[in-house]
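Structure, as structure tokens:
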Amino acid sequence: AQTIHQWPVAEIKAVGSPLSLGCTIKGKSSPNLYWYWQATGGTLQQLFYSITVGQVESVVQLNLSASRPKDDQFILSTEKLLLSHSGFYLCAWRTGGAGGQNTLYFGAGTRLSVL
Amino acid sequence: GDSVTQTEGQVALSEEDFLTIHCNYSASGYPALFWYVQYPGEGPQFLFRASRDKEKGSSRGFEATYDKGTTSFHLRKASVQESDSAVYYCALGDQGGRALIFGTGTTVSVSP
């Protein structure tokens, strides 16, 4: 069975400080990986996706960047946090394939508070 | 661009009430449609999906039917329980393959 692990579970950071959030998926080779952001009480906004190692596509940047250093790992980062970065960050995976037919499976998320 | 609209922002019910959440989409062709449920502090969980006109998806007593004519995928449950209290999201499969486009979510609160 596939498992997706996000770290850390929660972060409290100061404005202007750097950030690195991680996501690892086990039990699935070459998954498509995604980062979503959710403001408190808000909907899910896709940030980035990656089909393969070393390749990341941006959907909405929000002054963030993403990288895929390994087949099973997806990293979200920034050098300078803004207050607007606060929220819930979700990593997700799905099997590859054409179109948007395949189901997206989410991790448990990382709660970020920027003060 | 493609989009999903959920009509109800919040729904308050009593146990054993009937639940309906309206979801309409705007997209060409036959995009896949999904329902997800999110409990506080957790990631969204997949409920079910449908990919063809008149196809019915169902899970945990929830169901929805893909209707190309009315571009809808309304979520229904005949008898809700307190444990069904959560946020429900309708989503549309992006036909460019990027991911899912989510609606704004509907908060369902069920009182005993």
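Chains as they are written, first to last, in the numbering used here: chain D, -7 to 107; chain Z, 21 to 132.
From the three backbone atoms N, C-alpha and C, an ideal C-beta is built for every residue, glycine too.
Neighbourhood of A119 (chain Z) in chain D, by CB distance below 9 Å: N24, Y26, Y28, Q38, Y41, V51, A84, R86, G92 and L96, in chain order.
Not a single CB atom of chain D sits nearer than 8 Å to the CB of G81 (chain Z). Minimum Cα-Cα distance from T27 (chain Z) among the listed residues Z:V130, Z:T126, Z:S131 and Z:P132 corresponds to Z:T126. CA-to-CA, the gap between A58 (chain D) and I67 (chain D) works out to about 5 Å. Along the stretch 61 to 73 of chain Z, going in chain order, the ones with a CB nearer than 8 Å to a CB of chain D are G61, E62, G63, P64, Q65, F66, R69 and S71.
Look at A100 (chain D): its C-beta is under 8 Å from a C-beta on chain Z. Our two residues, Y28 (chain D) and F38 (chain Z), have alpha carbons roughly 31 Å apart in a direct line.
Judged by their CB atoms, L39 (chain D) and L56 (chain D) are nearer to each other than the 8 Å cut-off.
Think of a sphere of 7 Å around the beta carbon of F122 (chain Z): the chain D residues whose beta carbon falls inside it are T35 and L36, in chain order. In the three-state scheme derived from DSSP, where H, G and I count as helix and E and B as strand, H(-3) (chain D) is classed as strand.
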